[in-house]
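K.L.:
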Amino acid sequence: MNEQFSRRDFLKLAGLGAATTAILTGCGPASRYVTREPYQQMPEYNSVGQSTYYATTCRECAAGCGLVVRTYQGRAIKAEGNAHNPLNLGKTCARGQATLHGLYNPDRVQAPSNGDWNAAIQVVADALKNYKPGEIAFLMGMAPDHLFDLVTDLANATGMNAPVRYGALGMFEARATLSKAAENLFGQPGLPWFDIGGAQAVFSFGANFLETWLSPVSYTRGFVGLREAQTKIRGTLVQFESRMSATGGKADEWVPLRPGTEGLVALAIGRLAAEIRGGTMPRAFSSVNPADVADKAGVKLEALEHLAEMFATSNVLAIPGGAALGQTNGLEIAEAVLALNALSDNFGKPGGVYLSALAPNQTEYNRPASAQEMQAFVEKMKSGAIKALFVHGVNPVFELPKSLDFKGALGSVEQVISFATFPDETAAEADFVFPDHHGLESWGYQRVATGTAQPVLSGAQPVVSPFYDTRATADVLIAAAQLVGGKFASALPFADEVEFIQSKLGALLSEADGSFSAPDAATFMAYFQQHGGWFKDTDARVVPDGSGILNMNFSGSEADFSGEGEFFFIPFVSPTLAEAGANKPWLQELPDPTTTVMWNTWLEMNPETAHELGIENDDLVRVISEAGEVEVPVYLYPAIRPDTVAMPFGQGHTAYGRYAENRGANPADLLGGHFNESGDLAFAGMKVKVEKTGAKRPLSRLEGLGVYGGQGIELP
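Numbered according to the working numbering, the sequence shown spans residues 2 to 717.
1. Do G452 and F187 have their CB atoms nearer than 8 Å?
2. Could you tell me the distance, in whole angstroms, from the CA atom of A428 to the CA atom of Q376?
3. Determine, for N554, whether the minimum Cβ-Cβ distance to residues of chain D falls below 8 Å.
4. Could you tell me the distance, in whole angstroms, from the CA atom of F423 to the CA atom of V152?
5. For G158, name the three-state secondary structure that DSSP assigns.
6. If you drop the 5 nearest sequence neighbours on each side, which residues of the same chain put their C-beta closer than 6 Å to that of V574?
7. Quick one: grab the DSSP three-state call for H147.
8. To which residues does DSSP link L637 through a beta bridge?
9. According to DSSP, is D620 helix, strand or coil?
10. Quick one: what's got a C-beta closer than 6 Å to G566's C-beta in the same chain, skipping five residues either side?
11. Please name the residue in A202, A252 and V622 whose C-alpha comes closest to that of K693.
12. Who pairs with T237 in a beta bridge, going by DSSP?
13. Just the Cα atoms here: how many angstroms apart are L405 and G674?
14. Report the rounded CA-to-CA distance for Q589 versus N618, giving the unit in angstroms.
15. Considering only the alpha carbon of each residue, which of A31, N89 and G199 lies closest to N119?
16. Can Q483 and A475 be called in contact, C-beta distance under 8 Å?
17. For the alpha helix (DSSP H) containing M375, name the first residue and the last one.
18. Excluding the 5 residues flanking E704 on each side, which residues of the same chain have their C-beta closer than 6 Å to its C-beta?
19. Looking at the structure shown, is H532 part of a helix, part of a strand, or coil, going by DSSP?
20. Tell me whether R368 is buried or exposed, calling it buried when 16 or more other Cβ atoms sit within 10 Å of its Cβ.
21. In or out: E61 buried (at least 16 other Cβ within 10 Å) or exposed?
22. Does the beta-carbon of T696 have 16 or more other beta-carbons within 10 angstroms, so that it is buried, or is it exposed?
23. If you scan the stretch 434 to 487 from start to end, which runs of the alpha helix (DSSP H) of 4 or more residues do you find wholly inside it?
24. Considering just the uninterrupted stretch of the alpha helix (DSSP H) at R96, what are its terminal residues?
25. What does the alpha-carbon distance come out to for the pair I277 and V203?
26. When the Cα of P134 is compared with those of P190, L140 and T159, which residue comes out closest?
27. Beta-carbon within less than 7 Å of A724's beta-carbon, same chain only, minus the 5 sequence neighbours each way: which residues are those?
28. Taking the C-alpha atoms as reference points, what is the distance between P520 and V457?
29. If we call anything under 8 Å between Cβ atoms a contact, is Y638 one with E605?
30. Find the nearest neighbour of H147 within the set V449, A77 and F570, judged by alpha-carbon distance.
31. Please specify which runs of the beta strand (DSSP E), each continuous and at least 3 residues long, are wholly inside the stretch 280 to 353, giving them in chain order.
32. With distances taken between CB atoms, is the gap from A128 to A389 smaller than 8 Å?
33. Measure the CB-CB distance between R166 and M141 and report whether it falls below 8 Å.
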């Protein structure tokens, strides 16, 4: 990348300014400028004074979608999908589009809290040096992967605790449950991959794959295939869930079953379908009574028989996910639903189930920590065993249930250092905040965990120079390790973050069937930036061994629910905000796809139930669980069971900047510390009481008779 500049290069630098082409990386005397590489297919009209495009990776979630960002005179103007990234093929979700609102957010942490980066690096070095390795812990988010690799290498070389990864999205996706179910049924852990586009029909048990589940952009593309040409006929979607999600709103049939009975319903459909086909009844479905299941699930037996007929005569793909797995019997539900695919005989076939391909520089699947593992981490903090805690890319004070008391546990840790880009709730409790760059100002890579047949390593590079006095966390750790010396310096013998990334990419030079090849490391790195990553050209999905599933025994028990309330409580991730979007006004202003509500939290309640309780739209109610209580306005939602209420997760911040603070409520405050067999939180396993407060709080919503900004409006 230290090439001779041509006349054209000189003119670009002269016209746009050196800082827009080369980015300073590293810390102190070792810092240097590293040249960014424009996107591989620049528009013909690109020239001085016009737009320049850079390929990078979206950091709004951990999926790893590729972006191409348009910049103009050093400013990022527009983000679009990278058409050459096999995961998203040029598409993005709303959060990817709104990433610019994070970059330009006026409430970003703009400098180290102690005012000086040399002093900040010394603080980090002192923590690494003065505490025993076993007393040092890193708590990290689900992205970026290159920083996780760096900290893992540091921990392995020095004896520190292995870094722990957590994210609220991983909790609501029940990744530990999916992985454990795959291990129990197929003999190997991994993240299942569902070929929605190749199926004739999809039975989704709680998987909201068109919203926030696992890799929604990829699965939305699959849904297009289901509906259109891949199957040559319009495919069918049946959604099983107690509260209609946006995915359920797109379904041909919505089955509002009782929470916690999804596994029983799957087994009953399997039995009825096997009877229709004739022959020996598989052991997997032999112990279930469909009539009893219909009664327990609150659905008609005729409905189950209709669905079984569809299953018996079509290539059906069964998907477990979301709230269905967030139950005390979530693992049983996942296994029962996956067993339906054995009856379809679709493992490793078009329209069937695979295990996701590993990323190019990955040797085994690594999932984030389950909620139960996070509870153990919190207890370790409370015991005083952790003296120094480094936090990056996650906001556990907000994202974890309040009942786990992460905030209280921070009081038992001698030194807490946050690398937060935004002033979130966890950063507010830290002793020091040393802000990382925004994702669009950052180098790195992200492994694609699922959503594509090809192994994909999405690459990131700065599309603009850092706006504030921030530093890459990797650079801070490298500089601090050099100050400590010894094993720490030997573990990270790099000049800066870019050199570390190059060292990790080196092994790919000899890999065959890649999206590009290069004669040397420098050229490979330049291509990696230009293409937005490196991808295998071959299908690397793993065909699971499901040969013995139909001979397994599945009991299919009902879920247990905690609390004395009369309503099942379903928290769901906001399709627009997710766990970290509340500080972006574009996303706050974007109407929820099923209610059109904006800028707030609401409680969804069936109109018949509300009428019985004397509750109307916008009535402020108190929702009480065994773990806590919150106050929220009511939205009368006909697409929910009368015995169920639901609330979106994403609002309720007490910090996080002007657009997020003191707005709405956090449903995690209502969740108790109950888990399924895999350690995932039973977040849908609570029962709550609902009490009227006598007050009203009008909701901003876009629908015709709603209110917007507190004022009634008529919409056409």
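Even glycine gets a Cβ: it sits at the ideal position worked out from N, Cα and C.
P.N.:
The short version:
1. For this step, residue 452 is matched to residue 451 along the sequence shown. For this step, residue 187 is matched to residue 186 along the sequence shown. Cβ distance not < 8 Å, so G452 and F187 don't count as in contact.
2. Mapped onto the sequence shown, residue 428 falls at position 427. Mapped onto the sequence shown, residue 376 falls at position 375. So the two alpha carbons sit approximately 20 Å from each other.
3. In summary, chain D is missing from the structure at hand, where a single protein chain is found.
4. Residue numbering aside, residue 423 sits at position 422 when the sequence shown is read from its first letter. Residue numbering aside, residue 152 sits at position 151 when the sequence shown is read from its first letter. Those two C-alpha atoms are separated by around 21 Å.
5. Looking up residue 158 in the sequence shown gives position 157. The residue asked about is misnamed: residue 158 is Ala in this sequence, not Gly. DSSP, read as helix, strand or coil, puts A158 in helix.
6. Sequence index remark: in the sequence shown, residue 574 carries index 573 (1-based). Taken in chain order, the residues that qualify are F173, T213 and F650.
7. Translated into positions along the sequence shown, residue 147 becomes position 146. Look at H147 here: in three-state DSSP terms it is helix.
8. Position 636 of the sequence shown, counted from the start, is the residue given in the question as residue 637. Paired residues: M606.
9. In the sequence shown, residue 620 corresponds to position 619, counting from 1. Look at D620 here: in three-state DSSP terms it is strand.
10. Working through the sequence shown from its first residue, we reach residue 566 at position 565. These residues qualify, in order along the chain: K688, V689 and K690.
11. Taking the sequence shown and counting its residues from 1, one reaches residue 693 at position 692. Distances from the alpha-carbon of K693 to those of A202, A252 and V622 put V622 closest.
12. As a working mapping, residue 237 is identified with position 236 in the sequence shown. Answer is A202, bridged to T237.
13. Within the sequence shown, residue 405 is the residue found at index 404, counting from 1. Within the sequence shown, residue 674 is the residue found at index 673, counting from 1. So the two alpha carbons sit approximately 7 Å from each other.
14. Within the sequence shown, numbered from 1, the residue matching residue 589 stands at position 588. Within the sequence shown, numbered from 1, the residue matching residue 618 stands at position 617. The straight-line gap separating the alpha-carbon atoms of Q589 and N618 is approximately 21 Å.
15. In the sequence shown, the residue the question calls residue 119 occupies position 118. Cα-wise, what sits closest to N119 is A31.
16. In the sequence shown, counting from the first residue as 1, residue 483 sits at position 482. In the sequence shown, counting from the first residue as 1, residue 475 sits at position 474. It is not a contact, given that the beta carbons lie outside the stated cut-off.
17. Working through the sequence shown from its first residue, we reach residue 375 at position 374. For M375, the enclosing alpha helix (DSSP H) has its first and last residue at A372 to K383.
18. On the sequence shown, position 703 is the one that residue 704 refers to. Short of 6 Å from the beta carbon of E704, and not among the five residues preceding or following it, lie these beta carbons of its own chain, in chain order: T597.
19. Here residue 532 refers to the residue found at position 531 when the sequence shown is read from its first residue. Note: H532 maps to helix in three-state DSSP.
20. Counting from 1 along the sequence shown, the entry for residue 368 is found at position 367. Counting the other Cβ atoms within 10 Å of the Cβ of R368 gives 16 or more, which makes it buried.
21. Counting from one through the sequence shown, the residue named residue 61 turns up at place 60. Buried, because 16 or more other Cβ atoms sit within 10 Å of the Cβ of E61.
22. Sequence index remark: in the sequence shown, residue 696 carries index 695 (1-based). What sits at residue 696 in the sequence shown is Ala, not Thr. Classification of A696: exposed, given that the 10 Å Cβ count is below 16.
23. The stretch 434 to 487 is shown to contain whole alpha helix (DSSP H) runs of 4 or more residues at 474 to 485, in chain order.
24. For the purposes of this step, residue 96 is taken as the residue at position 95 of the sequence shown. That run of the alpha helix (DSSP H) goes A95 to Q98.
25. For this step, residue 277 is matched to residue 276 along the sequence shown. For this step, residue 203 is matched to residue 202 along the sequence shown. Counting only the Cα atoms, V203 lies some 19 Å from I277.
26. For the purposes of this step, residue 134 is identified with residue 133 of the sequence shown, where counting begins at 1. When P190, L140 and T159 are compared, the shortest CA-CA separation from P134 is found for T159.
27. It is not possible to answer for residue 724, since the shown part of the chain is limited to 2 through 717.
28. As a working mapping, residue 520 is identified with position 519 in the sequence shown. As a working mapping, residue 457 is identified with position 456 in the sequence shown. Each residue's Cα considered, the two are about 21 Å apart.
29. Walking along the sequence shown from the start, residue 638 turns up at place 637. Walking along the sequence shown from the start, residue 605 turns up at place 604. Between Y638 and E605, the gap from beta carbon to beta carbon is short of 8 Å.
30. The residue you call residue 147 lines up with position 146 of the sequence shown. The shortest C-alpha separation from H147 is found at V449.
31. As far as the stretch 280 to 353 is concerned, its whole beta strand (DSSP E) runs of at least 3 residues are 317 to 321.
32. In the sequence shown, counting from the first residue as 1, residue 128 sits at position 127. In the sequence shown, counting from the first residue as 1, residue 389 sits at position 388. Contact: yes.
33. Locating residue 166 in the sequence shown gives position 165, where the first residue counts as 1. Locating residue 141 in the sequence shown gives position 140, where the first residue counts as 1. The Cβ atoms of R166 and M141 sit closer than 8 Å to each other.
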